Every structure is written in C-alpha cells, then in structure tokens.
Amino acid sequence: MDLTILSAPDELLPCDPNCLLILCYIRLKEARINIKVKLPDHSSVGEFPVLNHDSKDYHGIPVILTYLRKENYGLEYDLSDTEGVQLCALISTIDRRLAPAVDWFLWADDSVYAKFTRKMYFGSLRFFQQLYIPHIWRNRQINKAKSSQLITCLKNMSESEIGEHLYSLAKLCITSLSYILGENTFFVGDRPTAVDAYVFAFMWPLLMYESQHGDSNWWDVDYKSSSTKYVQSGSHQLITHLLQCPNLMRFFKHILSKYFSKHIKCFRNEKSSIVDKSAVSHPVRDCLLWGAGVVGLFVTYAYYSNNTKILQKLRESRPP
1 MDLTILSAPD
11 ELLPCDPNCL
21 LILCYIRLKE
31 ARINIKVKLP
41 DHSSVGEFPV
51 LNHDSKDYHG
61 IPVILTYLRK
71 ENYGLEYDLS
81 DTEGVQLCAL
91 ISTIDRRLAP
101 AVDWFLWADD
111 SVYAKFTRKM
121 YFGSLRFFQQ
131 LYIPHIWRNR
141 QINKAKSSQL
151 ITCLKNMSES
161 EIGEHLYSLA
171 KLCITSLSYI
181 LGENTFFVGD
191 RPTAVDAYVF
201 AFMWPLLMYE
211 SQHGDSNWWD
221 VDYKSSSTKY
231 VQSGSHQLIT
241 HLLQCPNLMR
251 FFKHILSKYF
261 SKHIKCFRNE
271 KSSIVDKSAV
281 SHPVRDCLLW
291 GAGVVGLFVT
301 YAYYSNNTKI
311 LQKLRESRPP
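So the sequence shown is numbered by full-length UniProt numbering: it starts at 1 and just counts up by one.
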C-alpha cells in the first residue's frame, strides 16, 4: 500500500492540509504504509493525496479513510454510537467552516501566498513550470473556497468580504473545538480518531506560517502550566485566535512531538535555516522576467530576419 503526497522543499512535510490529514491518520494508527512524494503539475489540482493498493488508486479524503478502515488501518472500530455521531458532526463542521478559511488563507491572501504558499507548494518546480502551474492551482483553490459557502454564491460579495466571512466561521469553529476538547488528550473518547487528524492537519499550515514569518514565541510557551498567560498576537487573525486556545496548542504540540518528532525544528522559530526570504519566488517578478525574455527573443528574430532580407535584396540587385 502506497500513499502519494505533495513534495515540499528542504525535506519538509507538505503544507497541504489534505496530504497532512491522511499522513497524520496513518501516523496515529502507526501503520506501515509506503510514503511517496510527487511534484504538482497543471492537471493534479485537488488530486492529492493518492492511495494506491492492488494497482488501484483512491482519491478524496472520505474515500481514502473508508478504504483504510476497510483494510484494518482505521482508528474508529470501538466507538460507541454516541461517539460515532460526535465524530461525524465534528468532521462535517471542520469541512464546512475551518477548511475553506485555511484554503483562503493559503491561496487568496497575497502576502501569505507570495511568502509562504508558493514556496511550500512549488519551490521544487523548475523555473518555467513556476510561471504557470502556481497560477492554475491558485485560481482553482480560490474558486473552491468561494463556492464552499452558499451565502458567498448568492450574494455579490467582494473578495475581502468573502475572506472576512470565512475567517469569522473558522474562528467560531476553533472556539467550538477548544470547548469540546477541554482538558482531554483527544477529541472523541480516550484514543485518536479522524477528528484529531483533521484538526492537526488544518492547524499545521497556520502555525508553520507563524513560525516562519511571525513574531510570537508560541512553541516556547508551557501550555500545561495554569499560571501561564496566553496573551499572544499572531501575524494573522486566524493565528491570533488559535493562539488564545491553550488546549488546542497543547494538543498540537502533543501530536507533533509524539508522531512527527523529526519536524519539530520547523516550528522553533528557526527562520534563517528554514526560509530564505530572498529566494522566495514572486509571481510579478517571474512574469516580468518571462516577458522580457520573450520580447528579447522576438527582437533578436526580427533583427536577423531583417538583415537576411536586406542581404537578399542586395544580392538580387547586383548585376550578373
């Protein structure tokens, strides 16, 4: 059984929530599944992750989770009826309220996209591929986030209004998740389930961005101490709201330390060793360079074509 996820630069885990979700689910199960990485291309938007077993590919989070449970790689076999209902309700809430906001954060926010998303998703692509593949992905992801809420489809809302609406829903969802988690280690019962993978996967890109581009020292805070004051301001309103939920931060650090210990260094504010801001690709710069190259090519072609025609006329004008 193989799981194919998006590639990321510098041997980091991808910041794609869907890839992280399935990867976290597998880690929580401690299952032995081969992990493969693949670069994004123009036709693979929304395709990742991909689970391959017995020469068949499985796409989509619900389909992959269902198949994993069928093959005894699931986490939810001993849940009671009440816990099963709670599981489905929480996953539905995260899908409807938190997921679209995180997608909007990653793809629609120009600053986040230029400094973070573009590098994390497309930093390993060749220069020519970076000129068009990121734009295809970005447009499709933004349209997906826009169409996630009925109100944004029915009303003529600007992009800033859509963003504020999605962020307000996400903050309500984060507050609800914090209330439901309480002092527990996991969201449903006393063992990990798909809900824990969902929450961890959508917290990851927010906190990764804060670690690389923010000023808060959230990793160094002892969220287990009752005397700690959790007054921290993040680089984005979603991150700030998340930092005010100490139990969610404690939950994230627990999962990260136990199941993703090799990647703790990514969240320790070691900006210099993780992100070289001067090397981050910028779409405007890339387009200008590409345009200058095309213009130069045409000028060179025109110059030599014109010289060829002049020489041809001179030869024709010479007397025999």
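Note that the Cβ used here is the ideal one computed from N, Cα and C, for glycine as well.
Note that the structure is predicted; figures quoted are calculated from it, not measured.
- Annotated as distal: L65 and A201, with beta-carbon spacing of 8 Å or more.
- Looking at the DSSP output, I5 bridges to V37.
- Approximately 7 Å separates the beta-carbon atoms of F105 and H236; this is inside 8 Å, confirming the contact.
- Membership of H135 in any beta strand (DSSP E) is not indicated; the residue belongs instead to the alpha helix (DSSP H) covering I133 to K146.
- M208 sits away from F260, with the two beta carbons spaced by 8 Å or more.
- DSSP places V50 in the uninterrupted beta strand (DSSP E) bounded by V50 to H53.
- In the three-state reduction of the DSSP assignment, K115 falls in the helix class, which pools H, G and I.
- Counting along the chain, the unbroken beta strand (DSSP E) around Y58 starts and ends at K56 to H59.
- Taken atom to atom, the span from the alpha-carbon of C173 to that of Y167 is near 10 Å.
- Runs of the beta strand (DSSP E) lying entirely within the segment 150-188, each at least 3 residues long, are absent.
- Distance between V50 and G60, taken at the CA atoms: about 8 Å.
- For P100, the uninterrupted alpha helix (DSSP H) segment begins and ends at A99 to W107.
- Contact annotation: the segment 131-144 touches the segment 31-48, with at least three C-beta pairs closer than 8 Å.
- For C15, there is no enclosing alpha helix (DSSP H), since its DSSP letter is neither H nor E.
- Look at L243 here: in three-state DSSP terms it is helix.
- 8 Å or more divides the Cβ of I5 from the Cβ of P17.
- Your pair S160 and C245 does not check out as a contact, with CB atoms roughly 25 Å apart and the cut at 8 Å.
- In the same chain as L248, and ignoring 5 residues on each side of it, the C-beta atoms closer than 6 Å to its own belong to S178, in chain order.
- Pairing S80 with V37 gives a Cβ-Cβ distance that is not under 8 Å.
- Taking every protein chain shown into account, the CB of K258 has fewer than 16 other CB atoms within 10 angstroms, so this residue is exposed.
- Collapsing the DSSP output to three states places V63 in a helix.
- Your pair A170 and L98 checks out as a contact, with CB atoms roughly 5 Å apart and the cut at 8 Å.
- Cβ-Cβ distances below 6 Å link Y73 to K29 and A31 in the same chain, with the five nearest sequence neighbours on each side left out; the list follows chain order.
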